[in-house]
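Residue numbers (UniProt numbering): 1 to 410.
So this is what it looks like as structure tokens:
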């Protein structure tokens with residue numbers, strides 16, 4: 001739950017009034033001056049959200065430009081416009097430049113539906129010739145329109161449908177399948193590891209970039225662009241929420257068929273270094289076979305180092321998938337896995353459940369002592385063996401098995 005936060009305005013009506021001064025009449029410079037004075041007064045008493053900072057900067061240049069029409073030199077106006085646009089784009093993109101590997105500003109702007117040409121103008125104004133006054137005026141109009149739709153309207157009326165629609169988050173499953181293919185090759189023939197190392201490194205970076213994209217999508221799905229100031233002290237909670245959302249989507253992809261649990265359950269695999277059942281579980285340690293872990297452990301270790309919450313979230317997702325067997329989606333999946341024996345009795349896909357449950361034990365054994373966040377005393381964020389064991393025993397105990405045998409549903 002978000003904590004109360006400090007805002008510059010005394011009431012939403014005050015913010016609404018400022019919005020009306022700015023946008024009601026494009027040619028009313030007196031109203032825009034009132035808005036500039038009000039926002040400047042807010043800035044004198046508290047830190048402004050980036051949206052209001054940008055609004056103040058752009059609006060001030062617009063008023064100055066309008067009052068100096070006919071001037072022989074527009075150089076200082078062009079510089080002011082360019083500076084305001086650069087600060088707007090950078091301030092939107094920089095907080096979302098999360099993850100171990102940098103993403104392009106254009107890709108983040110696309111997720112925010114920020115006009116792509118504003119990003120190009122930012123680059124030109126920073127590294128090339130200063131754009132013309134006409135281009136900069138058009139950029140200022142587009143920027144103000146974007147701020148109206150993505151800051152003022154949502155802030156004034158939070159319950160209204162949000163105009164911001166995120167670009168669809170690209171699926172991560174193809175990246176995971178590409179990673180799996182590369183690891184199968186190097187697991188089967190260790191002499192190829194050095195040859196394929198650059199490709200494996202690249203796909204690991206691509207997966208990490210996907211997680212960063214998902215964290216941006218989490219912001220948009222929650223109808224917030226992190227406009228709030230840091231005075232409320234809840235930035236860490238927001239970051240945790242975005243990361244959890246991204247890692248949950250990542251965990252869902254790992255649990256898809258062909259991910260952590262192989263599709264085939266009875267055939268002999270030629271892809272592994274030795275012949276075994278693909279879903280075999282070690283009887284001694286109750287962990288996935290070495291053939292399975294040799295493929296997925298490099299990825300899990302890599303992501304765990306960057307995102308220490310991965311293991312606990314993945315364990316929760318696995319246990320949840322075993323618990324929530326009455327969900328429509330899970331029932332449909334189970335129906336695909338039900339086979340009729342010679343007597344006509346329905347059976348569960350126990351090999352899948354056994355293999356996915358063994359991953360819980362592997363994750364707890366591998367990361368149980370490492371999954372501690374910066375707040376080491378936060379018990380909810382620690383991966384605990386006893387919690388996982390209790391949940392698994394409850395889910396896979398005799399009562400559950402009896403219910404399955406009775407009606408063929410889990």
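For each residue, glycine too, the CB sits at the ideal point set by N, CA and C.
- Message: Quick check: the region 173-188 against the region 292-305, are at least 3 beta-carbon pairs closer than 8 Å?
- Response: yes
- Roughly how many angstroms lie between the CA atoms of residue 414 and residue 122, to the nearest whole one? Here the chain comprises residues numbered 1 to 410, so residue 414 is not present and cannot be evaluated.
- Can you give the beta carbon distance from residue 142 to residue 118, rounded, assuming they're within the 8 Å contact cut? 6 Å
- Can you check whether the CB of residue 169 is closer than 8 Å to the CB of residue 214? yes
- Item | Whether residue 261 touches residue 355 by CB criterion (8 Å) | yes
- Item | Residue burial classification, residue 52 (beta-carbon count within 10 angstroms, cutoff 16) | buried
- Please check the pair residue 292 and residue 208, which I expect to be a contact at CB under 8 Å, by giving their CB distance rounded to whole angstroms. The pair is not a contact, with the Cβ atoms about 22 Å apart (cut-off 8 Å).
- Query: Exposed or buried, what is residue 197 when buried is set at 16 or more other beta-carbons lying within 10 Å of its beta-carbon?
  - Reply: exposed
- Message: Looking at residue 44: is its Cβ nearer than 8 Å to the Cβ of residue 18?
- Response: no
- Message: Let me make sure I understand the geometry here. Which of 314, 27, 20 and 11 has the alpha-carbon closest to that of residue 42?
- Response: 11
- Task: Assuming residue 22 and residue 32 form a contact by the criterion Cβ under 8 Å, report the distance between their Cβ atoms to the nearest whole angstrom.
- Result: 6 Å
- Message: Distance check for residue 126 and residue 86, CA to CA, integer angstroms please.
- Response: 8 Å
- Message: Which residue wins for smallest C-alpha separation from residue 357, given the options 283, 309 and 303?
- Response: 283
- Query: Are the Cβ atoms of residue 350 and residue 310 separated by less than 8 Å?
  - Reply: no
- Task: Work out the CA separation of residue 202 and residue 285 for me, nearest whole Å.
- Result: 33 Å
- Item | Strand pairing of residue 356, partner residues [DSSP] | For residue 356, which the question treats as bridged, DSSP gives no partner whatsoever.
- The alpha helix (DSSP H) spanning residue 245 covers which residue range? 235-254
- Task: Compute the distance between the beta-carbons of residue 216 and residue 105, then report whether it is under 8 Å.
- Result: no
- For residue 363, which of 314, 154 and 322 has the nearest alpha-carbon? 314
- Query: Within this structure, are the beta carbons of residue 136 and residue 188 separated by less than 8 Å?
  - Reply: no
- State the DSSP-derived secondary structure class of residue 171, mapped to helix, strand or coil. coil
- Integer Cβ distance of residue 250 from residue 211, believed to fall under 8 Å: 6 Å
- Between the Cα of residue 157 and those of 322, 14 and 366, spot the shortest distance and give me the residue it belongs to. 14
- Query: In chain order, what residues of the same chain lie with their CB nearer than 6 Å to the CB of residue 56, ignoring the 5 residues before and after it?
  - Reply: 39
- Just mark residue 154 as buried or exposed, buried being the case when its beta carbon has 16 or more other beta carbons within 10 Å. buried
- Message: Given a cut-off of 8 Å on the beta-carbon distance, is the pair residue 279 and residue 179 in contact?
- Response: no
- Around the Cβ of residue 242, are there at least 16 other Cβ atoms within 10 angstroms (buried) or fewer (exposed)? buried
- Are there 16 or more other CB atoms within 10 angstroms of the CB of residue 6, so buried, or fewer, so exposed? exposed
- Query: From 48, 120 and 54, pick the residue whose C-alpha is nearest to that of residue 148; which is it?
  - Reply: 54
- Message: Quick check on the burial criterion: 16 or more other C-beta atoms within 10 angstroms. Buried or exposed for residue 471?
- Response: Only positions 1 to 410 of the chain appear in this structure, which leaves residue 471 out of reach.
- Going by CA-CA distance only, name the one from 131, 245, 47 and 111 that's closest to residue 411. There is simply no residue 411 to check, as the chain begins at 1 and stops at 410 in what is shown.
- Near residue 336, what residues of its chain come up, given a Cβ to Cβ distance below 8 Å and the 5 sequence neighbours on each side ignored? The predicted model places residue 336 with a pLDDT of 46, which falls under 50 and marks its position as unreliable; any figure quoted below should be read in that light. The answer is none, since no qualifying residue turns up.
- Item | Whole-Å CB distance - residue 140 paired with residue 61, under 8 Å assumed | 7 Å
- With C-beta atoms as the reference, is residue 20 less than 8 Å away from residue 58? no
- Query: Helix, strand or coil for residue 93 per DSSP?
  - Reply: helix
- Message: Contact defined as beta carbons within less than 8 Å: I believe residue 75 pairs with residue 92. What is the distance between those atoms, to the nearest angstrom?
- Response: With a Cβ gap of about 27 Å, residue 75 and residue 92 do not count as contacting.
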